[in-house]
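Student: Right, I'll just put the structure down here and ask away after.
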Amino acid sequence: MRDCEPAHRERRLVIVGGGERAGEPGSGILERFVDMSGGDRARIAVIATASTEGGPLEAEYGEIFQTLGVDDVRGLRLESREQANDGRVVELLTDATSVFFTGGDQWRIAALLGGTLVDSLLHARIEDGLVLGGTSAGAAMMSSTMVLGGDGVGVRTDSIRTGPGMEFLPRVLIDMHFAQRGRLNRLLSAVAQFPHELGLGIDENTAIIVEGNRFEVVGAGSVTVIDAGPADDIRVPTGPDRRIALTGARLHVLPAGYTFELVDRRPQIVAMAGGAQGR
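Dropping the structure here:
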């Protein structure tokens, strides 16, 4: 943990569960990112460090953002720690209004950027108005504890692999492609082992928009929130029986339009669309 102060004070983050498409009905995620970044005056840096073939991804997102009206889109090639500690590279980020991390392998982001000048600059600038976005691996890396993988067969200690994240959104643990890849078991396994962190499972073509101490759900799917803080009992075995016990944890499923308070860990109930009634 970088500090003990309340997190999320001024941060503006767009954290996407993967599979986003500009202009797709029910989404509007990338359009929202562009709007937050300054619209047609935005200066967006695309970082594809998570991928071993970053060039095509940089070009793809460059075309997407240009289609959405942004002229100044720059691909920032960061494929080594030496590059991430290069002052000339850092200069390219100093006037960007936003940075977007593509998908790939989240471990590469943490291993290549963690603790570098780029890492320090991004942490400083998100407190000063920079909008930070990421999809898939670019979403998973934003948390304190980062999901690296796991088959999620049962709620077990061996259903999840984790490592240190980049901590752009402290005190949370993020999993992506959530409903589409059946990842509830592995998120439950993770929060049982890290109960101080809020578990967020983000569906594809779905995102959370973090502003200050609150996030809003946007997109076509839902966000599953698991809070192990109020759990009555958590038992994480250390022996050959790897089954986890977890009772009394809170679970929320939030579609688009719902907001969630990160400090108080509570959702804001909203009127439901289509005439649906709350119970």
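When we follow our numbering, the leftmost residue of the sequence shown carries the number -14, and every step to the right adds one.
For each residue, glycine too, the CB sits at the ideal point set by N, CA and C.
Give me the residue from T87, E(-5) and G148 with the minimum Cα distance to S36.
Tutor: That would be T87, whose Cα lies nearest to the Cα of S36.
Student: Going residue by residue through the segment 176 to 241, where are the continuous beta strand (DSSP E) segments of at least 3 residues, counting only ones entirely within it?
Tutor: Qualifying beta strand (DSSP E) stretches, in chain order: 183 to 187, 191 to 196, 199 to 204, 207 to 212, 218 to 220, 230 to 232 and 235 to 240.
Student: The alpha helix (DSSP H) that contains V103, what's its start and end?
Tutor: Run containing V103: L102 to I111, per the alpha helix (DSSP H) assignment.
Student: Can you tell me where the alpha helix (DSSP H) with P41 in it begins and where it stops?
Tutor: Looking at the DSSP string, the run of the alpha helix (DSSP H) that includes P41 is G39 to T52.
Student: Does the segment 149 to 158 come within contact of the segment 237 to 245, defined as at least 3 CB pairs closer than 8 Å?
Tutor: Touching, no, given that fewer than three Cβ pairs across the two stretches are closer than 8 Å.
Student: If I follow the unbroken beta strand (DSSP E) through V58, where does it start and stop?
Tutor: Here the beta strand (DSSP E) through V58 covers D57 to G60.
Student: May I ask which residues mark the beginning and end of the beta strand (DSSP E) holding M21?
Tutor: No beta strand (DSSP E) holds M21; the alpha helix (DSSP H) holding it covers I14 to S22.
Student: Would the C-beta of N190 count as close to the ligand GTP, meaning under 6 Å from any of its heavy atoms?
Tutor: As presented, the structure is devoid of all ligands, the ligand GTP included, so that no description of it is given.
Student: Cβ atoms of I29 and V55: under 7 Å apart, would you say?
Tutor: Yes. Within cutoff.
Student: From P222 to E182, what distance separates their C-alpha atoms?
Tutor: Distance between the alpha carbons of P222 and E182: 19 Å.
Student: Going by C-alpha to C-alpha distance, which of S144, A192, F153 and I194 sits closest to N170?
Tutor: The shortest C-alpha separation from N170 is found at S144.
Student: Comparing C-alpha positions only, which one of I194, E189 and Q178 sits nearest to I211?
Tutor: Cα-wise, what sits closest to I211 is Q178.
Student: Helix or strand or just coil, what does DSSP make of D80?
Tutor: Note: D80 maps to coil in three-state DSSP.
Student: Would you tell me roughly how many angstroms separate the C-alpha atoms of R250 and P215, rounded to the nearest one?
Tutor: Cα-Cα distance, rounded: 11 Å.
Student: At what residue ranges does the segment 114 to 156 contain a whole run of the alpha helix (DSSP H), taking only runs of 4 or more?
Tutor: Counting whole runs of 4 or more residues, the segment 114 to 156 contains the alpha helix (DSSP H) stretches 122 to 125.
Student: Can you check which of these residues, F163, L239 and F153, is closest to E(-5) by C-alpha distance?
Tutor: Comparing Cα positions, the closest option is F153.
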